[in-house]
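Peer 1:
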Amino acid sequence: MFLIFALITLLGGLSLAFQKNLVVAGLCMVLTFFGVAGLFLLLANPVAAALQVIVYSGAIVVLLLFVIMLLSAHEEEEALKAHPIQRWGSVVAALALAGGAVKVVLASGILRSPRPVGVPPPMNLDALGNALFNNHLAAFEIVGLLLLATMVGAVVLVKRDL
Amino acid sequence: MEFLARLLHLQPQTFWMIAKVIIVFAGPLTLAAILTWVERRGSAMIQDRIGPNRALLFGRWRLLGLPQLAADGIKFFLKEDLVTTDANKLLFWLAPFMAFVPAMMGFAVIPFGRALVSGGQTYHMSLLEPGNGMGMLYPLAIGSVAVYGILTAAWSSNNKWSILGGMRASAQMVSYELAMSLAVVAIFLRTGGYDPHEIINHQAVIWNVVPQFFGFLVFFVCMFAETNRLPFDFAEGESEIVAGFHTEYGSMKFALLQLSEYVHIVTAAALIVTLYFGGWQVPFVAAPSVSLSIAAFVLKLVFFCWVFIWIRWTVPRFRFDQLMFMGWKVMLPLSLGNLMVQAFLMYRRG
Chain A
1 MFLIFALITL LGGLSLAFQK NLVVAGLCMV LTFFGVAGLF LLLANPVAAA
51 LQVIVYSGAI VVLLLFVIML LSAHEEEEAL KAHPIQRWGS VVAALALAGG
101 AVKVVLASGI LRSPRPVGVP PPMNLDALGN ALFNNHLAAF EIVGLLLLAT
151 MVGAVVLVKR DL
Chain B
163 MEFLARLLHL QPQTFWMIAK VIIVFAGPLT LAAILTWVER RGSAMIQDRI
213 GPNRALLFGR WRLLGLPQLA ADGIKFFLKE DLVTTDANKL LFWLAPFMAF
263 VPAMMGFAVI PFGRALVSGG QTYHMSLLEP GNGMGMLYPL AIGSVAVYGI
313 LTAAWSSNNK WSILGGMRAS AQMVSYELAM SLAVVAIFLR TGGYDPHEII
363 NHQAVIWNVV PQFFGFLVFF VCMFAETNRL PFDFAEGESE IVAGFHTEYG
413 SMKFALLQLS EYVHIVTAAA LIVTLYFGGW QVPFVAAPSV SLSIAAFVLK
463 LVFFCWVFIW IRWTVPRFRF DQLMFMGWKV MLPLSLGNLM VQAFLMYRRG
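Order-wise, the sequence lines are chains A and B.
Numbering of the first sequence is given in our numbering, commencing with residue 1 and proceeding in unit increments.
Numbering of the second sequence is given in our numbering, commencing with residue 163 and proceeding in unit increments.
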């Protein structure tokens, strides 16, 4: 099961990067998000899987595709001349990300201690709510404030004459 | 249960799992097929017409136009399958499936009857067992994916009317999803859980529609927007944009798009029944028998399916700016206010 979802995620991501057609690329992004949702399910976290589908596949990519379709109805975008510095920058960023991910995996305790026996109980909304509003309340509030500021900024940018 | 399982040489649990899959897939599909007939006969009834009555079974029986279903099916399968030259072939083919699969998946979480206890084993009447951790988030997730079928169908047709329909559909579904989710969250608050089985058990004394009337109102209206039905069927809007997102579709592909709309109606009706009308609970009967509970659920389900059709032929289509106004300035504040009041009441009660 893990291999199936991992393959879905990877293939979706790869075709997203190499697809010329913007709308097809957007749909590949949806596929990637579905793969990630499946991985969440395998990690016994159905809440995260559901939220992944609701927020990312259901709302964000829909808006993205909406804008793509609105701007360029059908013709494919002429690719911009790639700057070499962008290419090298992307390689460095990808390497840094990959290094960080590998380091996190190697540092986790599960590799050292023996595997826990049995299936862990699935995550549910109660646990998520407790984590958000008891343990990480400050971070939650700060993120909310940030999002509000972003929204106000977007409105101001779009509507010049308020 | 044991007897049937033994007849097929299966474990009772395995048998029940297979039976559930068949029920959950065939039930809404059959109901959707019947709904297409109800829609035409019902519209005829409302508009004082006769409706389809020419198809005869074996050239003899008229059966109130029911053979029209078979005639439609045969016609859809035998029609020439046209794809316009400038369409994106792959997506044009995929779109009907992208519409149909999420539509069929939504029903899996709905409990359609009281759990059956037999031979020391409990058989739950829903495809997803209670306590799976997904609960009512599942239909919300599936419902939010349903828009891709319409969007892809619209874009891949390479037709201006289609793209207009797709744009309208996506804007509408995203706008109404917020108010709908908030209405559902108020139910979660009231129940203290988000599993559909818990929600139904909690409604044993009083159905949620009474204490959560405004939540019900918002959810009901949002369901029309989510299923793209009149008065919110801007994705099609025949009088304005030909037939919207499925202008270029014919034969079985069109049938799939149309069927998925009806399956959405069935799922939406099931959600309304589960969240606000007590699911399989029977009024004034404390512990209904299993068959009675299933009958009650089906009765409520069919009634709300009929309400969807009834409203389609009674209420005229809104204008698009009216729809957006209603979504953001009426439904969302109403839903938020409802949630706040519910939270405040819970706080007062302690």
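Every residue gets a Cβ at the ideal spot worked out from N, C-alpha and C, and that includes glycine.
Taking the C-alpha atoms as reference points, what is the distance between Leu-172 (chain B) and Ala-270 (chain B)?
Peer 2: 23 Å
Peer 1: Put Ser-497 (chain B) into one of helix, strand or coil per three-state DSSP.
Peer 2: helix
Peer 1: Do we get a CB-CB distance below 7 Å when we pair Val-307 (chain B) with the residues of chain A?
Peer 2: Closer than 7 Å: yes.
Peer 1: Can you give me the Cβ contacts of Arg-391 (chain B) inside the same chain, cut-off strictly under 8 Å, excluding the 5 residues immediately before and after it?
Peer 2: Glu-423, Ile-427, Phe-470, Ile-473 and Arg-474
Peer 1: Can you tell me where the alpha helix (DSSP H) holding Tyr-300 (chain B) begins and where it ends?
Peer 2: 299-307
Peer 1: If we define contact as Cβ-Cβ less than 7 Å, is Tyr-356 (chain B) a contact residue for chain A?
Peer 2: yes
Peer 1: Work out the CA separation of Leu-463 (chain B) and Ala-457 (chain B) for me, nearest whole Å.
Peer 2: 10 Å
Peer 1: Is it the case that the Cβ atoms of Val-477 (chain B) and Pro-393 (chain B) are separated by a distance below 7 Å?
Peer 2: Yes, the Cβ-Cβ distance between Val-477 (chain B) and Pro-393 (chain B) is below 7 Å.
Peer 1: Which residue or residues does DSSP assign as beta-bridge partners of Trp-223 (chain B)?
Peer 2: B:Leu-219
Peer 1: Please work out which residues of its chain come closer than 7 Å, Cβ to Cβ, to Lys-182 (chain B), disregarding the five sequence neighbours upstream and downstream, and give them in chain order.
Peer 2: If we look at Lys-182 (chain B) and ignore the five residues flanking it on each side, its Cβ neighbours are Leu-289.
Peer 1: Rounded to whole angstroms, what's the CA-CA distance from Ala-48 (chain A) to Leu-41 (chain A)? Just pull it up for me.
Peer 2: 8 Å
Peer 1: Flag this pair as yes or no: are the beta carbons of Gly-297 (chain B) and Ile-362 (chain B) separated by less than 7 Å?
Peer 2: no
Peer 1: List the residues of chain B whose Cβ lies closer than 7 Å to the Cβ of Val-164 (chain A), in chain order.
Peer 2: Outside the displayed range of chain A (1 to 162) lies residue 164 (chain A), so it cannot be described from this structure.
Peer 1: What are the boundary residues of the beta strand (DSSP E) that Val-279 (chain B) is part of?
Peer 2: 278-280
Peer 1: Which word fits Gln-365 (chain B), buried or exposed, when buried means at least 16 other C-beta atoms lie within 10 angstroms of its C-beta?
Peer 2: buried
Peer 1: Taking a contact to mean a Cβ-Cβ separation below 7 Å, would you say Cys-467 (chain B) touches Leu-197 (chain B) in this structure?
Peer 2: yes
Peer 1: Does DSSP put Gln-334 (chain B) in a helix, in a strand, or in coil?
Peer 2: helix
Peer 1: Kindly list, in the order they appear in chain A, the residues whose Cβ is closer than 8 Å to that of Leu-193 (chain B).
Peer 2: Result: empty, since nearest Cβ-Cβ is about 25 Å, beyond 8 Å.
Peer 1: Classify Met-570 (chain B): buried if its beta carbon has 16 or more other beta carbons within 10 angstroms, exposed otherwise.
Peer 2: Residue 570 (chain B) falls outside the range modelled here, since chain B spans only 163 to 512, and no answer is possible.
Peer 1: Kindly identify the DSSP beta-bridge partner or partners of Gln-173 (chain B).
Peer 2: Looking at the DSSP assignment, Gln-173 (chain B) forms no beta bridge with any residue, so it has no partner.
Peer 1: Output yes or no for whether 7 Å exceeds the beta carbon distance between Gly-406 (chain B) and Gly-489 (chain B).
Peer 2: no
Peer 1: Ignore the nearest five residues each way along the sequence and tell me which others in Asn-250 (chain B)'s own chain have a CB closer than 8 Å to its CB.
Peer 2: Non-local C-beta neighbours of Asn-250 (chain B) in its own chain, meaning closer than 8 Å and more than five positions away in sequence, comprise Trp-317, Ser-318 and Asn-320, ordered along the chain.
Peer 1: Across which residues does DSSP place Thr-284 (chain B) in a beta bridge pair?
Peer 2: B:Val-279
Peer 1: Would you say Ser-332 (chain B) lies against chain A (beta-carbon separation less than 7 Å)?
Peer 2: yes
Peer 1: Considering only residues of the segment 324-382 of chain B, which uninterrupted alpha helix (DSSP H) runs meet the minimum length of 4 residues and lie entirely inside it, listed in chain order?
Peer 2: 358-364
Peer 1: Spell out a yes or no on whether the segment 291-311 of chain B and the segment 250-263 of chain B are touching, meaning 3 or more CB-CB pairs, one atom from each, closer than 8 Å.
Peer 2: yes
Peer 1: Please list, in chain order, the chain B residues whose beta carbon lies closer than 8 Å to that of Met-123 (chain A).
Peer 2: Gly-295
Peer 1: Please list, in chain order, the residues of the segment 44-59 of chain A that have any C-beta partner in chain B closer than 9 Å.
Peer 2: The segment 44-59 of chain A vs chain B, Cβ under 9 Å: Ala-44, Asn-45, Pro-46, Val-47, Ala-49, Ala-50, Leu-51, Gln-52, Val-53, Ile-54, Val-55, Ser-57, Gly-58 and Ala-59.
Peer 1: If you draw a straight line from the C-alpha of Ile-434 (chain B) to the C-alpha of Ala-93 (chain A), how long is it?
Peer 2: 48 Å
Peer 1: Could one say the Cβ of Val-404 (chain B) lies closer than 7 Å to chain A's Cβ atoms, at least one of them?
Peer 2: no
Peer 1: Look at the Cβ atom of Gly-275 (chain B), then the Cβ atom of Ser-455 (chain B), and state whether they are nearer than 7 Å.
Peer 2: Yes, these two residues count as a Cβ contact at 7 Å.
Peer 1: Say whether chain A places a C-beta atom closer than 7 Å to the C-beta of Ala-430 (chain B).
Peer 2: no
Peer 1: Determine, using beta-carbon pairs with one atom in the segment 279-293 of chain B and one in the segment 238-246 of chain B, whether at least three such pairs fall under 8 Å.
Peer 2: no
Peer 1: Between the beta-carbon of Glu-388 (chain B) and the beta-carbon of Met-335 (chain B), is there less than 7 Å?
Peer 2: yes
Peer 1: Under 8 Å, CB to CB, which of the residues in the segment 216-247 of chain B have a partner in chain A?
Peer 2: none
Peer 1: Taking only beta-carbon atoms, is Ala-303 (chain B) less than 7 Å away from chain A?
Peer 2: yes
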